[in-house]
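Colleague: Starting off with a structure, shown below.
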Amino acid sequence: MVAAVGGVAPARAAAILQVAPVRMEFEPTQQGQTVQIANKGQDPVEAQVRIMRWTQQDGQDQLSPAASSELVASPPIMHIAPGGQQTVRVIRLHPTTPASELSYRLLIDELPQQGMPHGTGLRLLMRYSIPVFVNITHTTPVPRPQHGTTPIRTDLSRVHAQVAAGNDGKAELSVSNDGTHAIRISALSTAASGGQTQFVDSGLVGYVLSGQRMSWPLNVPYPLPPGMTLKARFDDDTEVQAVPLDGAGR
17 MVAAVGGVAP ARAAAILQVA PVRMEFEPTQ QGQTVQIANK GQDPVEAQVR
67 IMRWTQQDGQ DQLSPAASSE LVASPPIMHI APGGQQTVRV IRLHPTTPAS
117 ELSYRLLIDE LPQQGMPHGT GLRLLMRYSI PVFVNITHTT PVPRPQHGTT
167 PIRTDLSRVH AQVAAGNDGK AELSVSNDGT HAIRISALST AASGGQTQFV
217 DSGLVGYVLS GQRMSWPLNV PYPLPPGMTL KARFDDDTEV QAVPLDGAGR
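Everything in the sequence shown is counted per the numbering used here, starting at 17 for the first residue and increasing by one.
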């Protein structure tokens with residue numbers, strides 16, 4: 017996830033950061049991983065890295081500083097020259113198997129340039145927010161599908177969804193995750209009884225952490241028209257599937 021914060025700076029080429037990977041998963045007893053931050057722009061860039069504990073409450077994401085005994089990032093502050101790259105180590109200080117999946121966000125903030133001449137141009141400072149998970153069991157890599165093979169589809173048996181009245185006569189989607197791993201929802205669309213589909217959100221909708229519930233407004237009327245269903249891509253699925261709406265929550 018990338019966000020921008022406006023600021024005043026010279027009207028000149030901005031630093032452009034590229035971050036990889038965009039999601040991190042630790043095995044139960046794995047101690048460390050690395051993130052690569054590259055400056056593809058024409059200006060030097062200062063950046064700050066922080067680790068936030070990620071929870072969800074009342075259908076909303078909540079971020080709070082992670083305890084230094086949980087997970088640390090090094091270095092926390094960096095200067096990257098144009099065309100340069102910085103390796104950031106993300107380390108678990110006590111790499112033991114957690115009782116439940118742990119979730120964090122690695123925040124990478126571009127900082128205002130110090131000592132550069134002032135100008136009147138608009139300067140956008142970028143923030144990257146990378147999901148970080150610590151699994152309770154060892155994960156099995158998802159194989160890359162071959163042509164003609166069975167599509168990969170996430171098991172939604174422990175995922176429940178409802179559509180309720182939101183604001184301004186629109187619908188609101190709530191998704192509960194009773195499983196042991198977070199789920200990622202993207203490419204949300206409506207499917208009418210006649211087969212017509214229309215994207216509600218073609219990109220990332222959001223995550224639902226293990227044991228949590230999240231809600232998102234939908235730009236569709238409430239109640240849903242007869243025969244209309246919702247479809248989405250879950251995790252790394254190769255195709256969309258129906259959102260598991262409870263019968264009473266349509």
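Yeah, the Cβ is synthetic: ideal placement off N, Cα and C, and Gly gets one too. Because the structure is a prediction, the values reported are computed rather than measured.
#1: If Glu-41 and Asn-193 are in contact, beta carbons under 8 Å, what's the gap, nearest whole angstrom?
#2: Please list, in chain order, all residues of the same chain as Asp-253 whose beta carbon is under 8 Å from its beta carbon, the five residues on each side excluded.
#3: Please state whether DSSP places Thr-197 in a helix, a strand or coil.
#4: Going by alpha carbons, who is nearest to Ile-96 out of Pro-242, Asp-59, Ala-83, Gln-76?
#5: Can you look up Arg-169 in the DSSP assignment and give me helix, strand or coil?
#6: By how many angstroms is the C-alpha of Pro-37 removed from the C-alpha of Val-51?
#7: Could you pull out every residue in the same chain whose Cβ sits closer than 6 Å to the Cβ of Ala-181, ignoring the five residues on either side in sequence?
#8: Can you give the Cα-Cα distance for Phe-250 and Leu-261, rounded to whole angstroms?
#9: In this structure, does DSSP put Gly-75 in helix, strand or coil?
#10: Is DSSP giving Gln-129 helix, strand or coil here?
#11: In terms of alpha-carbon separation, which member of Ala-248, Gln-47, Gln-212, Trp-232 lies closest to Asp-77?
#12: Per the DSSP calculation, Gln-64 is bridged to which residue(s)?
#13: Pick from Met-244, Pro-114, Thr-245, Ser-202: whose alpha carbon is nearest that of Val-224?
#14: Mapping DSSP to helix, strand and coil, what is Met-230?
#15: Count the other C-beta atoms from every protein chain shown that fall within 10 angstroms of the C-beta of Ala-83, then say buried if there are 16 or more, exposed otherwise.
#16: Hey, quick one: how far does the beta strand (DSSP E) through Ile-32 stretch, first residue to last?
#17: Is the Cβ-Cβ distance between Leu-79 and Arg-121 less than 7 Å?
#18: Excluding the 5 residues preceding and the 5 following Glu-43 in the sequence, name in chain order all residues of the same chain whose CB lies nearer than 8 Å to its CB.
Modeller: Reading it off the structure:
#1: Reading the sequence shown from its first residue, position 25 is the one you call residue 41. Reading the sequence shown from its first residue, position 177 is the one you call residue 193. Between Asn-193 and Glu-41 the Cβ distance is about 16 Å, and since that is not below 8 Å, they are no contact.
#2: Locating residue 253 in the sequence shown gives position 237, where the first residue counts as 1. Listed in chain order, the non-local C-beta contacts of Asp-253 below 8 Å within the same chain comprise Pro-167, Ile-168, Arg-169, Thr-170, local neighbours out to five positions each way being set aside.
#3: Walking along the sequence shown from the start, residue 197 turns up at place 181. Before going further, note that residue 197 is His rather than Thr in the sequence given. Three-state result, His-197: coil.
#4: Along the sequence shown, one-based indexing puts residue 96 at 80. With respect to the C-alpha of Ile-96, the residue from Pro-242, Asp-59, Ala-83, Gln-76 having the closest C-alpha is Asp-59.
#5: Taking the first residue of the sequence shown as 1, we reach residue 169 at position 153. Arg-169 falls in the coil class under three-state DSSP.
#6: Locating residue 51 in the sequence shown gives position 35, counting from the first residue. Locating residue 37 in the sequence shown gives position 21, counting from the first residue. Their Cα atoms are separated by approximately 6 Å.
#7: Reading the sequence shown from its first residue, position 165 is the one you call residue 181. Sequence-distant Cβ neighbours of Ala-181 in its own chain, meaning closer than 6 Å and more than five residues away, are Tyr-238.
#8: Taking the first residue of the sequence shown as position 1, residue 250 is located at position 234. Taking the first residue of the sequence shown as position 1, residue 261 is located at position 245. The straight-line gap from Cα to Cα measures roughly 14 Å.
#9: Sequence index remark: in the sequence shown, residue 75 carries index 59 (1-based). Looking at Gly-75 - three-state DSSP - the assignment turns out to be strand.
#10: For the purposes of this step, residue 129 is taken as the residue at position 113 of the sequence shown. In the displayed model, Gln-129 falls within coil according to three-state DSSP, outside both helix and strand.
#11: Stepping through the sequence shown from its first residue, residue 77 is reached at position 61. Comparing Cα positions, the closest option is Trp-232.
#12: Position 48 of the sequence shown holds residue 64. Residue pairing by DSSP places Gln-64 opposite Ile-93, Asp-125 in a beta bridge.
#13: As a first step, residue 224 is located in the sequence shown; it is residue number 208 there, counting from the start. Scanning Met-244, Pro-114, Thr-245, Ser-202 for the CA closest to the CA of Val-224 turns up Ser-202.
#14: The residue given as residue 230 occupies position 214 in the sequence shown. If DSSP states are grouped into helix, strand and coil, Met-230 belongs with the strands.
#15: Reading the sequence shown from its first residue, position 67 is the one you call residue 83. Classification of Ala-83: exposed, given that the 10 Å Cβ count is below 16.
#16: Along the sequence shown, read from residue 1 onward, the residue named residue 32 stands at position 16. Counting along the chain, no beta strand (DSSP E) covers Ile-32, and no H or E run does either.
#17: Position 63 of the sequence shown, counting from 1, holds the residue named residue 79. Position 105 of the sequence shown, counting from 1, holds the residue named residue 121. Yes, Cβ-Cβ distance for Leu-79 and Arg-121 is below 7 Å.
#18: As a working note, residue 43 is residue 27 in the sequence shown. Within the same chain, Glu-43 has close Cβ partners Asn-151, His-154, Thr-155.
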